[in-house]
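These notes are about the structure you will find just below.
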Amino acid sequence: MPNMKMRDVKIGEAIMYNGEVWVIFDRHEQTRGNLRTYWQIKLKHLDRGNVVEQRFSPDDNVEKIILNRQEFEYLYRDGDMFVCMDPTSYEQTMVHEKLIPEVQRGYMVPNMRLSLLKIEDKVVQVELPQIIEVDVIDAPEGARGDTATSVTKLATIETGAEVRVPGHIRKGDKIKIRTEDGEFRGRVGA
């Protein structure tokens, strides 16, 4: 694995830090008064998913980890495993649920494309698309006269997850949601 200076590391790259693999989540160069410049780096642990903030000198050496990004298609869930398929070779890969943030598991729609990040042949992280389109399978009727834009209600989407949507969304509508947090982003075709 190649060594590099901390100043050359970019957001999204993986490094070895304290014997574990971390992804650069955010970074800022800071200089205070007559003191030397340093990098304030947010690191996300690949296995646990926790984020820590560390201060590094720009000249600190770090070991860069090569992550292979590969596009897969999500097929179905089998207990605590998600079954994904390589669309070119049709080879199936089992991904443990702990690699997918809990908030995102409810937005796993069959046949959706996602990225698997691997170190050698081991899957270490799953990236869902930022925005997905899903069908609303249940949404309570809005109260008559509720036309204010801030009126929201809980709607159930095709995966069974509940999403807060505006009052005008009905059963059968196709909506866009952000997979990071389930925020409603609009109605498809509107």
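The sequence shown begins at 475 in our numbering and counts up by one.
The C-beta atom is built at its ideal place from N, Cα and C for all residues, glycine as well.
In this structure the stretch 488-504 does not lie against the stretch 547-560, because fewer than three pairs of beta carbons, one per stretch, are closer than 8 Å. Of the residues assessed, residue 498 falls on the buried side of the cut-off, its CB having 16 or more other CB atoms within 10 angstroms. In the DSSP assignment, residue 577 falls within the unbroken alpha helix (DSSP H) covering 576-579. In this structure, residue 578 lies near residue 653, with their beta-carbon atoms less than 8 Å apart. In the DSSP assignment, residue 521 is bridged to no other residue. When C-alpha distances from residue 587 are compared across 600, 596 and 576, the shortest belongs to 600.
Around the Cβ of residue 611, a 10 Å sphere holds fewer than 16 other Cβ atoms; the residue is exposed. Note that the stretch 528-546 touches the stretch 475-493; at least 3 beta-carbon pairs, one per stretch, sit closer than 8 Å. Within a 10 Å sphere around the beta-carbon of residue 590 sit 16 or more other beta-carbons, which makes this residue buried.
DSSP, reduced to helix, strand and coil, places residue 480 within a helical segment of the structure shown.
Under the DSSP definition of a beta bridge, residue 560 lacks any partner. Contact annotation, residue 648 with residue 607: C-beta distance approximately 6 Å; criterion of less than 8 Å satisfied. The DSSP-derived three-state label of residue 571 is helix.
The three-state secondary structure of residue 494, taken from DSSP, is strand. A distance below 7 Å between beta-carbons, with the five flanking residues on each side excluded, links residue 627 to the following residues of its chain, in chain order: 613, 614, 616, 639 and 641. Cβ contact annotation for residue 583 (same chain, cutoff 8 Å, sequence separation greater than five): 548, 606, 608, 632 and 633, in chain order. For residue 599, the enclosing beta strand (DSSP E) has its first and last residue at 596-601. The alpha-carbon of residue 520 is positioned some 22 Å away from that of residue 566.
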